[in-house]
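Numbering (UniProt numbering), first residue to last: 1 to 480.
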């Protein structure tokens, strides 16, 4: 499917009516893919697909619940509308009403909001209606939709690599943002591979005179995760030094079905991630200090408490996932281990502090944090431990011959663990930072266990390493 193909869903049981709607859209869109659902259950099946992407939906309220049924009810159409609002709320819906359903207009319009759906500068309702007796006006509606939709492709994208690919939903959102903010050309670079549906990009917006006027970090992903990222920014990032945190400039929740994007401005010069700076030998003592100082702002107001290891694991991995992995990999001791209660310190943590979520300006020198979707109160050693262990598991970390099995066996003995390590100073920085926060080795063992168990969930991670570190976590606890 081309990123430029307009995706239309028609929910209509009458063949003649769906043909008219089909024809009106097809006359104006040369590149269009049309899906037709003739009843409530067909629409449900389409909308329940997690990969469902539609740019526009037309919906007849008075439809049957199953195909070829003669029993129609506007209740079925309203149920489909509710499914649209729940599953792909970023897609505008046009309700086609007959005389029998006109009294229900207020009921379905209550779910509508006004939004600049395609970055045209015009606020349009996300749910609108058209009386069937005025179907001749549909052509004008479609003309406005086409004009707005086509305009996002006036922005040219330049990717940093020739083999760069981007999901259609992300393409929509980045184009909408670029159009909305006046870009003519947008340069795009992917930041990190990531192990979730959400992806992070660096954008450079260029105006008609060829000048870069805005540099941003964008996170694209499922709407609920993006809204969560934005809310965490407001709740937690505002507590950190302003120079360490990009400024939020936009949040898009429409135009890409169930996907959204949040955008943060970024000053020039942040050309490295923690990983790439380490690989290039550029991680200075001043940069290390900067990373610690920024995040220790949260930890400084933490509280000592006790928690079960199960509760600590739940901060990183759900019970359903954990129990499935414990059984799959035969981690016999896990259940008993999780019952243990330990002393620990709780403080606000980034929650996903791998090496691609720290951006580095080596000239200033300074650092900036990105990706705020997992911020919450957790055990205080989680962030430094995650940063250290991301060298072992994250897809964007350079692969070395280190660590050997013997190195991993001695993870808890830092000198032995770092024997033969080509980035020993960088790993040691993470370990020293973790040691400065820990109350004792039991909270380290609990967090190492939880982090390593989570790595077993992801496709492509080194499962042998994860299992070996779980064994180390058990031994570390026993020795304490």
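Note that CB positions come from ideal geometry on N, CA and C, so glycine has one too.
These figures come from a predicted structure and were not determined experimentally.
Counting only runs that start and end inside the segment 353–405, the alpha helix (DSSP H) elements of at least 4 residues fall at 382–393. In this structure, the beta-carbon distance from residue 379 to residue 434 does not fall below 7 Å.
Using a Cβ distance threshold of 7 Å, residue 128 and residue 148 do not count as a contacting pair. Each residue's CA atom was taken as its position, placing residue 418 and residue 372 some 31 Å apart.
Taking 7 Å as the cut-off, the Cβ atoms of residue 370 and residue 357 count as close.
Relative to residue 143, the option among 466, 29 and 64 whose CA is nearest is 29.
Using a Cβ distance threshold of 7 Å, residue 52 and residue 11 do not count as a contacting pair. Apart from sequence neighbours up to five positions away, the residues of its chain that approach residue 274 with a beta-carbon distance below 6 Å are 355 and 358, ordered along the chain. An exposed status is given to residue 330, since fewer than 16 other beta-carbon atoms sit within 10 Å of its beta-carbon. With a minimum length of 3 residues, the unbroken runs of beta strand (DSSP E) contained wholly in the segment 289–356 fall at 303–308 and 341–349.
If you draw a straight line from the Cα of residue 43 to the Cα of residue 223, it is about 21 Å long. Between the beta-carbon of residue 453 and that of residue 463 there is about 11 Å, and that puts the pair past the 8 Å contact cut. Following the DSSP letters along the chain, one finds residue 60 inside the beta strand (DSSP E) bounded by residues 56–60. If you compare the alpha carbons of 345, 470 and 151 with that of residue 296, the shortest gap goes to 345.
Around the beta carbon of residue 209, a 10 Å sphere encloses fewer than 16 other beta carbons of the protein chains shown; the residue is thus reported as exposed.
Within its own chain, the residues whose Cβ lies closer than 7 Å to the Cβ of residue 363, once the five positions on either side in sequence are excluded, are 269, listed in chain order. By alpha-carbon distance to residue 76, the top candidate from 154, 59 and 21 is 59. In this structure, the straight-line span from the alpha carbon of residue 41 to that of residue 71 is close to 14 Å. Leaving aside the five residues that flank residue 361 on each side, the residues in its chain whose CB is nearer than 7 Å to its CB run, in chain order, 269 and 270. The shortest C-alpha to C-alpha distance from residue 5 to any of 35, 15, 16 and 14 is the one to 35. Ranking 145, 477 and 465 by CA distance to the CA of residue 255 puts 145 first. Per DSSP, residue 454 lies in no beta strand (DSSP E) segment; the continuous alpha helix (DSSP H) that holds it begins and ends at 441–455. If you look at residue 417, you'll find it isn't in any beta strand (DSSP E); it sits in the alpha helix (DSSP H) that goes 414–417. Just measuring C-alpha positions, the residue of 169, 111 and 385 sitting nearest residue 7 is 169.
The segment 180–187 makes no contact with the segment 224–241: fewer than 3 CB pairs, one atom from each, lie closer than 8 Å.
For residue 265, the CB contacts under 6 Å within the same chain, skipping 5 residues up- and downstream, are 216, 246, 247 and 249 in chain order. Closest in C-alpha terms to residue 446, from the list 426, 427 and 469, comes 469.
Take the alpha-carbon of residue 253 and the one of residue 45: they are about 23 Å apart. A direct Cα-Cα distance of roughly 36 Å separates residue 276 from residue 337. With respect to the 7 Å criterion, residue 9 and residue 88 are not classified as neighbours on the basis of their beta carbons. Under the rule that a run must span 3 or more residues, the beta strand (DSSP E) segments found entirely inside the segment 169–229 read 185–190, 199–206 and 212–222. Taking C-beta atoms as the reference points, residue 230 and residue 251 count as a pair closer than 7 Å.
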